[in-house]
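Protein chains in written order, with the working numbering: chain A, 1 to 303; chain B, 1 to 352.
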Amino acid sequence: MSEQTLLNWLLTDEPTSRRHARLTRFYQGWLALRANTLAMLGLSILIVLTLMAILAPVLAPHDPFVQNLGNRLQPLGSTDHLLGTDSLGRDILSRLIYGSRITLYIVALVALIAPIAGLLVGTVSGYAGGWVDVILMRITDVFLAFPRLVLALAFVAVLGAGIENAVIAISLTAWPPYARIARAETLTIRSSDYISAIRLQGAKPLRIITKHIWPLCMSSLIVRVTLDMAGIILAAAGLGFLGLGAQPPSPEWGAMISEGRRFILDSWWVATIPGLAIFTVSLAFNLLGDGLRDVLDPKSRGQ
Amino acid sequence: MAVTDPISEGRLQAPFGQTILRVIATFGSIAVTMLGLLFVTFVIGRIMPIDPVLAIVGERAPQATYDAVYFDLGLDKPVIVQFGYYIWDVLQGDFGDSLLNARPVSEDIARVFPATLELATLGILFGILIGTPLGVLSAVHQGSWIDQIVRFVALIGYSMPIFWLGLMGLLIFYGLLGWVGGPGRLDIFFEDIVPTRTGMILIDSAISGHWDVFRNAFSHIILPASLLGYYSLAYISRMTRSFMLEQLSSEYILTARVKGLSERQVIWGHAFKNIRVQLVTVMALSYANLLEGSVLTEIIFSWPGIGSYVTTALLSADMNAVLGGTVVIGLIFVCLNVLSDLLYRIFDPRSK
């Protein structure tokens, strides 16, 4: 297939199969997203971050854990340490690069747990209706009523500090909005004609929910996840900063800021650089999320 | 949010009986939410790995002492009864004693809360006074460079770790420029001059006429309050912009323009007037969020508020204090949500 025919195949208005239709929609969405410079900027930052995490052992000039007290608090641009060293003489650049792994790990886990939990609760609640709906939505409201960081703090206090517990705590506070969205989508889909048609064909609720409702909830969930990622990164960094997330000597960015905080007036770069990294990544997620919303969410298009 | 969408529930001219029912339903849903909130903190307190009895009597206490405290805490009762006791205690403002200083947690919270309130209130003022005009400006000049800048400022606010911004603020404005006071509420030689009345130093010092203390307190609070306010500014300006855009594209605005009203009158007299209710709702919500954002800010600025209190307690495993603080913040959060919802219902004729 030459390039031109492939393009025609991807841009056709009359798809020949289900997969074809899916691919054309995906490609058209991509074209729309590609036209959005800021979203593309966000996407490239995230790609760089992912590459950095994968290639960390190759990219990092030093071992992120090796201490060298004779070489502590070296300033920016010193020979051999481009971004300087921290209070234990560890290379900040290397720690930053390895820290991207932790950030991605947390983000990926929360991005898996919270939306899936929310999707389950929301679709069941919306499809079942009645008292199931009332109870599930009350529970959702209770969790929404808590300020997120404070609830996460309380959970971590019980579970103990550490990355996994931070992920659990953040997920526990992050699922309710997804449940709300999934429920709203389910309510509109539930009464549509094609669901009635499937039901007449004898499909069971489980099949209807998993095969016909979940796929339609996806796009709004994806948008919400991307926009949420920034908040999740900030929450994880906040927990790390408080000493409740990743534990030393882990090069988690929030924990690095907390470490550099003591020397902020003399060695400003130790706390400044990890903060810039957090800011860049959460900005990237915000930019990409805004772009994705324009592409995937037809309701907000036109505005 | 804790309460259902007022618009979807809105009916035309509900009869009196229905209004009563709706009031009861609203209060019922608030009560259930608060009950759930208490249940969550109760469960957190139950599943924690620390034995509450050992935490009080110490590890070497004889069995008799242990048992006495065990019964005293009601731990021999069924869980549901314990939950009942817990609710009863909280309703009376009793969160148990702090393990650190053996004082009632409620007293501690009452002592630290004014500091948070002072900080958050100044922050929200900053957010409202700057965020609202920015949002209006941005909507009026939609697509222009002004709009781009305002949206960019908001976007940065959304993406910046608040504790890092605080550190940078301290570094630049305190460390390098020396324009503001450092961490804490006052310089050490201004402490304990002003008698505590409200617990808010700006007000206390103004009442007693100690203007030197007032100036010093102001130099300390201005930086954390404005950084905190920046976050609500981001949210408020974004929401103002989208509310204004909605109004400006409606037909009555076109009519007003055709009539020949000045642009100023169209924007402030007509469009802005119609978004005031929505704005108040947004402000109440961001005030609630500020209380939360203040946790990290307080730590950076050594601000002796409820955020510092909860995190200090947390690091020393003082669970009564942690849960007490969580409940207080949670209850305020729920109340502000409900309040913003009520304001919406009362002042927006469309929701009736």
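Idealized CB from N, CA, C, for every residue including glycine. Please read these numbers as outputs of a predicted model, since none were measured by experiment.
Neighbourhood of threonine 272 of chain A in chain B, by CB distance below 9 Å: Trp164, Leu167, Met168, Leu171, in chain order.
Around the beta carbon of glycine 325 of chain B, 16 or more other beta carbons sit within 10 angstroms, so the residue counts as buried. What valine 40 of chain B touches in chain A, judged by beta-carbon distance under 9 Å, is Val142, Phe143, Phe146, Leu151, Ala154, going in chain order. Proximity of the region 328-348 of chain B to the region 286-306 of chain B meets the contact definition, three or more beta-carbon pairs being nearer than 8 Å. DSSP places aspartate 266 of chain A outside both helix and strand once states are collapsed to three, so it counts as coil. For phenylalanine 333 of chain B, at least one C-beta of chain A is nearer than 7 Å to its own C-beta. Inclusion of leucine 109 of chain A and valine 156 of chain A in the CB contact set at 7 Å is not warranted, their separation being larger than that value.
Within 8 Å of the CB of isoleucine 278 of chain A, the CB atoms of chain B belong to Pro161, Trp164, in sequence order along the chain. Distance between valine 105 of chain B and alanine 317 of chain B, taken at the CA atoms: about 14 Å.
For serine 232 of chain B, the closest C-alpha among the options B:Thr132, B:Ala115, B:Phe113 is that of B:Thr132. Per DSSP, methionine 244 of chain B is one residue of the alpha helix (DSSP H) stretching across 211-248. By the criterion of a C-beta distance shorter than 6 Å, histidine 81 of chain A is surrounded in its chain by Gln74, Asp91, once the five residues flanking it on both sides are discounted. Judged by DSSP secondary structure, serine 308 of chain B falls within the alpha helix (DSSP H) whose first and last residues are 306-315.
Under the three-state reduction of DSSP, histidine 81 of chain A is assigned to strand. When 7 Å is used as the limit between beta carbons, phenylalanine 263 of chain A is near no residue of chain B, the shortest such separation being about 11 Å. Burial is judged here by how many other beta carbons sit within 10 angstroms of a residue's own beta carbon; glutamine 247 of chain B has at least 16 and is buried. With its beta carbon less than 7 Å from one in chain B, asparagine 286 of chain A belongs to the interface. In the DSSP secondary-structure assignment, proline 104 of chain B is bridged to B:Asp97. Between alanine 217 of chain B and isoleucine 203 of chain B, the alpha-carbon positions lie close to 10 Å from each other. Residue state for aspartate 187 of chain B is assigned as coil, using DSSP reduced to three classes. For leucine 296 of chain B, the closest Cβ of chain A is nearer than 7 Å. Not one beta carbon of chain B lies nearer than 7 Å to the beta carbon of valine 223 of chain A. According to the DSSP secondary-structure assignment, aspartate 91 of chain A is paired through a beta bridge with A:Thr85. Contact between isoleucine 181 of chain A and glycine 84 of chain A does not hold, since their C-beta atoms are separated by about 44 Å, which reaches or exceeds 8 Å. Secondary structure at lysine 77 of chain B: coil, using DSSP grouped into helix, strand and coil. Taking the beta carbon of isoleucine 163 of chain A as reference, no residue of chain B falls within 8 Å; the closest one sits roughly 17 Å away. With contacts defined as CB atoms closer than 7 Å, serine 226 of chain B and leucine 119 of chain B fail to qualify as a contacting pair. At a C-beta separation below 7 Å, tryptophan 268 of chain A has these neighbours in chain B: Leu171. No Cβ of chain B is located within less than 7 Å of the beta carbon of glycine 122 of chain A.
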